[in-house]
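All remarks here apply to the structure that follows.
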Amino acid sequence: MFIFLLIKILVYLINQEMNKIIHQIFLDIGLKSLKDRPDYLKNIELLKENNPDWKHILWDDNTLNKFVETNYPQYLKYWNSFPHTFYKIDYSRYLLLQKYGGMYIDLDEENIKSFDSKILNSKVSPVLNIPSGPRYAF
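At position 133 of the sequence shown (counting the first as 1) the number is 133 in my numbering, and the numbers step up by one without a gap.
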């Protein structure tokens, strides 16, 4: 069921136009808090500065749990049974992109320039960077 869901979501994502939404996730995995990660904080600020016309959403433990409870209650059994928080991070990327569109960017990625119309006008899955037809033009 889990693999089937991921395949279904990936096919859906590949066929969608990209919304101007950037999703990032920081969950408590038992290490440093976000405020103690200046590298992550710098990357978030660079992303916002370079892309001021994009909506930025930083998801945390509470907002992601609520998101799954509200939008995907049928998957709560799986969500609550993951053996490690890393699984929630990986799983939720697909759910967020299916629900809201946009792109997911890891917190350790440094954004050096703004996203341009080539990204918005192409059909791609930014999570996997898979081209889907002739509109893929970087």
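In this text, a Cβ means the ideal position worked out from N, Cα and C, and glycines have one as well.
- Setting aside the 5 residues that flank it on each side, T85 is surrounded in the same chain by L27 and I29, each with a C-beta closer than 6 Å to its C-beta; the list follows chain order.
- Y75 and V68 have their alpha carbons spaced roughly 8 Å apart.
- Residue environment for L64: buried (at least 16 other C-beta atoms within 10 angstroms of its C-beta).
- DSSP places W79 inside the alpha helix (DSSP H), whose first and last residues are L76 to S81.
- Under the DSSP assignment, L107 falls outside any beta strand (DSSP E); it carries neither an H nor an E label.
- Assignment of I57 by DSSP, reduced to helix, strand and coil, places it in the strand class.
- Judged by their CB atoms, H23 and I44 are not nearer to each other than the 8 Å cut-off.
- F82 counts as exposed, since fewer than 16 other beta carbons sit within 10 angstroms of its beta carbon.
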